[in-house]
Amino acid sequence: LEWMQSASNQSREENFEDAALFNKLYSTLYHYPKPVIAMAEGGAYGGAIGLLACADIVTSTPDANFAFSETALGMIPATVAPWIRKKTSAGFIRSAFLTGKAFNGVEAKESGLVQYLFSPDRIQSKTRDLVNQIATNGPGAIKETKALLNRIDNEFVSIDEELMQYCSTKIAEARISIEGQEGLNAFLEKRKPSWTR
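Mapping of the sequence shown onto this note's numbering: residues 161 to 357, in sequence order.
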């Protein structure tokens, strides 16, 4: 957040380039030719949930915390939006983005963001078991299956260069906006932003 706060000292072009790096990160992770397994212990917020959305399999605990808090900070969850939409439903993403309301691991699993829930004392070993199970499968078959799934997914929710540029523009503009800077400052100063009563 402090890094995003420093955006007010950057040009619009520099902010766009920073945002484009996140799009590249998410795209690279999503299209990685081998399975990507993520484990969310404790929780994930904002852009970190984008990393989970780009993973093939996500494990978590029932009591983990998640939230898209961007709008509460005067920001827009633009760079994560296409990836979250690929992984979850339109109804979930609208509610989660517009309210910024926190949700737990059970709700994350119901949304499709998380595939497996394990107790905190077993999550690491159970996630390792999933990795080991995948490793017993044919490596060529895994690679081709991943390519097949990405192609099918792209037919339903296409994330092309134009969409990623649009998303980068939206977050770059929000980061340098008066509202975005006020939201970040308020959060870091542990106070309510000026728009709340």
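We treat Cβ as the ideally placed atom computed from N, Cα and C, and that holds for glycine.
Review point. Could you check where the beta strand (DSSP E) with G203 kicks off and where it finishes?
Key: By one-based count along the sequence shown, residue 203 stands at place 43. Note, G203: beta strand (DSSP E), G203 to Y205.
Check your understanding: Considering S220, what are the terminal residues of the beta strand (DSSP E) in which it resides?
Key -> Here residue 220 corresponds to residue number 60 of the sequence shown, with the count starting at 1. If you look at S220, you'll find it in the beta strand (DSSP E) that goes I217 to S220.
Check your understanding: Does the distance from the C-beta atom of S337 to that of A179 stay below 8 Å?
Key -> As a position in the sequence shown, residue 337 is number 177, starting the count at 1. As a position in the sequence shown, residue 179 is number 19, starting the count at 1. No, these two residues do not count as a Cβ contact at 8 Å.
Practice item. From the DSSP output, read off the bridge partner residues of L277. Key: Taking the first residue of the sequence shown as position 1, residue 277 is located at position 117. Beta-bridge pairing links L277 to S220.
Review point. Taking just the CA atoms, how far does C214 sit from R351?
Key: As a position in the sequence shown, residue 351 is number 191, starting the count at 1. As a position in the sequence shown, residue 214 is number 54, starting the count at 1. Those two C-alpha atoms are separated by around 33 Å.
Check your understanding: Using the C-alpha atoms, what's the distance from P237 back to A224?
Key -> Working through the sequence shown from its first residue, we reach residue 224 at position 64. Working through the sequence shown from its first residue, we reach residue 237 at position 77. If I take the Cα positions, the gap works out to 20 Å.
Exercise for review: Note the first and the last residue of the continuous beta strand (DSSP E) segment covering N225.
Suggested key: Position 65 of the sequence shown, counted from the start, is the residue given in the question as residue 225. Per DSSP, N225 belongs to the beta strand (DSSP E) from N225 to A227.
Practice item. Tell me whether N175 is buried or exposed, calling it buried when 16 or more other Cβ atoms sit within 10 Å of its Cβ. Key: Looking up residue 175 in the sequence shown gives position 15. Here N175 is buried, its C-beta having at least 16 other C-beta atoms within 10 Å.
Exercise for review: Indicate the three-state DSSP secondary structure (helix, strand or coil) for M199 in the structure shown.
Suggested key: The residue labelled residue 199 in the question sits at position 39 within the sequence shown. Strand, per DSSP.
Check your understanding: Does the ligand SAH have even one heavy atom less than 7 Å from the beta-carbon of Y192?
Key -> The ligand SAH is not among the ligands present in this structure, which contains no ligands whatsoever.
Point to revise | Length of the line joining the Cα atoms of S187 and V291 | key: For the purposes of this step, residue 187 is identified with residue 27 of the sequence shown, where counting begins at 1. For the purposes of this step, residue 291 is identified with residue 131 of the sequence shown, where counting begins at 1. Annotation: S187 to V291 spans about 22 Å, alpha carbon to alpha carbon.
**Study point:** Proximity of A204 and F228 at Cβ, strictly below 8 Å
**Key:** Position 44 of the sequence shown, counted from the first residue, corresponds to residue 204. Position 68 of the sequence shown, counted from the first residue, corresponds to residue 228. With contacts defined as CB atoms closer than 8 Å, A204 and F228 fail to qualify as a contacting pair.
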